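> Okay, here's the structure, questions in a sec.
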Amino acid sequence: MSEFESPAPELGPGRAPDGPAGDEVIVNIDVNGERVRRLCSASRTLLDFLREDLRLTGSKHGCDVGDCGACTVLVDGVPRLSCITLAVEVEGAVRTIEGCGPAEAPIIAAFDTHVASQCGYCTPGIILCLSHLYTETPCPDDTAIRRALGSNICRCTGYTKILAAARQVAAANGATHTDEPE
Ligand code: FES
Ligand code: FES
Numbered sequence: 006m007s008e009f010e011s012p013a014p015e016l017g018p019g020r021a022p023d024g025p026a027g028d029e030v031i032v033n034i035d036v037n038g039e040r041v042r043r044l045c046s047a048s049r050t051l052l053d054f055l056r057e058d059l060r061l062t063g064s065k066h067g068c069d070v071g072d073c074g075a076c077t078v079l080v081d082g083v084p085r086l087s088c089i090t091l092a093v094e095v096e097g098a099v100r101t102i103e104g105c106g107p108a109e110a111p112i113i114a115a116f117d118t119h120v121a122s123q124c125g126y127c128t129p130g131i132i133l134c135l136s137h138l139y140t141e142t143p144c145p146d147d148t149a150i151r152r153a154l155g156s157n158i159c160r161c162t163g164y165t166k167i168l169a170a171a172r173q174v175a176a177a178n179g180a181t182h183t184d185e186p187e
């Protein structure tokens with residue numbers, strides 16, 4: 006049994022021996038390279054499914070209404086706000102901050118260099134959004150960086166250090182633009 010695989014569900018009132026009960030549905034998705042198959046409420050958000058069912062707490066509750074980006078994960082490589090996504094509606098492969106690998110290592114190193122993470126609440130979502138950005142555009146200019154992070158709110162850094170870290174990765178990828186530091 007894999008780390009994320011459910012034990013056999015307990016049978017209870019209203020539950021057929023071979024299926025879910027009430028509003029429960031079977032969520033069957035790939036999370037960080039592991040196949041996950043679990044029963045959960047049809048109304049369970051992907052964020053709660055990740056944090057509470059799978060104990061992957063890197064994705065954060067911020068606003069819970071799709072405004073802050075703290076809950077961002079990648080679905081098939083594309084940023085998705087997990088607080089306004091139902092677990093059952095996800096069909097692609099999910100990647101959370103816990104699933105980061107070599108592609109994100111330069112971003113994390115740049116965040117360390119520039120101290121771009123303070124309380125850290127926004128950081129997982131921002132790193133995943135930047136990962137998507139560099140996959141699509143290895144050498145983004147400031148406009149592209151700002152656009153990529155347009156849905157991510159940080160209450161600590163004033164964004165200056167985040168932009169500096171993002172520029173460092175772009176430069177390491179070969180960017181030659183000369184945006185002035187903030
Ligand atoms: S918690 Fe999802 S966008 Fe704020
Ligand atoms: S580092 Fe605290 S919200 Fe961004």
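The numbering of the sequence shown is my numbering, which starts it at 6 and goes up by one.
Idealized CB from N, CA, C, for every residue including glycine.
Keep in mind it's a predicted model, so treat the numbers as computed, not measured.
(1) Could you have a look at residue 131 and say whether DSSP puts it in helix, strand or coil?
(2) Compute every distance between the C-beta of residue 53 and the non-hydrogen atoms of ligand 1, then say whether any falls below 7 angstroms.
(3) Residue 69 by DSSP, collapsed to three states: which one?
(4) Express the C-alpha separation of residue 124 and residue 20 in angstroms, rounding to a whole number.
(5) Quick check: residue 130 and residue 179, are their CB atoms within less than 8 angstroms of each other?
(6) Over what stretch of residues does the alpha helix (DSSP H) that includes residue 90 continue unbroken?
(7) If I measure Cβ to Cβ from residue 90 and keep anything under 7 angstroms in the same chain, skipping five residues before and after, which residues do I get?
(8) With DSSP as the reference, identify every bridge partner of residue 109, one or two as the case may be.
(9) Using a C-beta cutoff of 8 angstroms, does residue 175 count as contacting chain B?
(10) Measuring only the C-alpha atoms, how far is residue 171 from residue 81?
(11) Rounded to the nearest angstrom, what separates residue 92 and residue 112 at their Cα positions?
(12) Let me know the secondary structure DSSP gives residue 158 once reduced to three states.
(13) Indicate the three-state DSSP secondary structure (helix, strand or coil) for residue 181 in the structure shown.
(14) Quick one: Cα of residue 105 to Cα of residue 27, how far?
(15) Residues in the same chain with beta-carbon distance under 7 angstroms from residue 162, minus the five sequence neighbours each way, listed in chain order, please.
(16) Looking at ligand 1, does it come within less than 7 angstroms of residue 59, judged from the CB to the closest heavy atom?
In short, the structure shows the following:
(1) Taking the sequence shown and counting its residues from 1, the one referred to as residue 131 is at position 126. Three-state DSSP puts residue 131 in a helix.
(2) Indexing the sequence shown from 1 puts residue 53 at position 48. Every heavy atom of ligand 1 is 7 angstroms or more from the Cβ of residue 53, so no.
(3) Within the sequence shown, residue 69 is the residue found at index 64, counting from 1. It is coil, neither helix nor strand.
(4) Locating residue 20 in the sequence shown gives position 15, where the first residue counts as 1. Locating residue 124 in the sequence shown gives position 119, where the first residue counts as 1. For residue 20, the pLDDT reaches just 48, beneath the cut-off of 50, and the residue's location in the model is therefore unreliable, although a value from the coordinates is still provided. Straight-line Cα distance between these residues: approximately 44 angstroms.
(5) Here residue 130 corresponds to residue number 125 of the sequence shown, with the count starting at 1. Here residue 179 corresponds to residue number 174 of the sequence shown, with the count starting at 1. The answer is no: Cβ separation not under 8 angstroms.
(6) For the purposes of this step, residue 90 is taken as residue 85 along the sequence shown, with counting starting at 1. It is not in any alpha helix (DSSP H) - residue 90 carries neither H nor E in the DSSP assignment.
(7) Within the sequence shown, numbered from 1, the residue matching residue 90 stands at position 85. Excluding sequence positions up to five before and after residue 90, its CB lies within less than 7 angstroms of the CB of 50, 51, all in the same chain and listed in chain order.
(8) Start at 1 with the first residue of the sequence shown, and residue 109 comes out as number 104. Bridge partners of residue 109: none, in fact.
(9) The structure shown has no chain B; it contains just one protein chain.
(10) For this step, residue 171 is matched to residue 166 along the sequence shown. For this step, residue 81 is matched to residue 76 along the sequence shown. Rounded to whole angstroms, the gap between the alpha carbons of residue 171 and residue 81 is 22 angstroms.
(11) Your numbering for residue 92 matches position 87 in the sequence shown. Your numbering for residue 112 matches position 107 in the sequence shown. If you take the alpha carbons of residue 92 and residue 112, they lie about 28 angstroms apart.
(12) Residue 158 sits at position 153 when you count from the first residue of the sequence shown. In the structure shown, residue 158 sits in coil (DSSP, three-state: anything other than H, G, I, E or B).
(13) Position 176 of the sequence shown, counted from the first residue, corresponds to residue 181. Residue state for residue 181 is assigned as coil, using DSSP reduced to three classes.
(14) Numbered from its first residue, the sequence shown carries residue 105 at position 100. Numbered from its first residue, the sequence shown carries residue 27 at position 22. One C-alpha to the other measures close to 36 angstroms.
(15) Looking up residue 162 in the sequence shown gives position 157. Closer than 7 angstroms at the Cβ level, and outside the excluded window around residue 162, lie 121, 123.
(16) By 1-based counting over the sequence shown, the position of residue 59 is 54. Outside the cutoff, so no.
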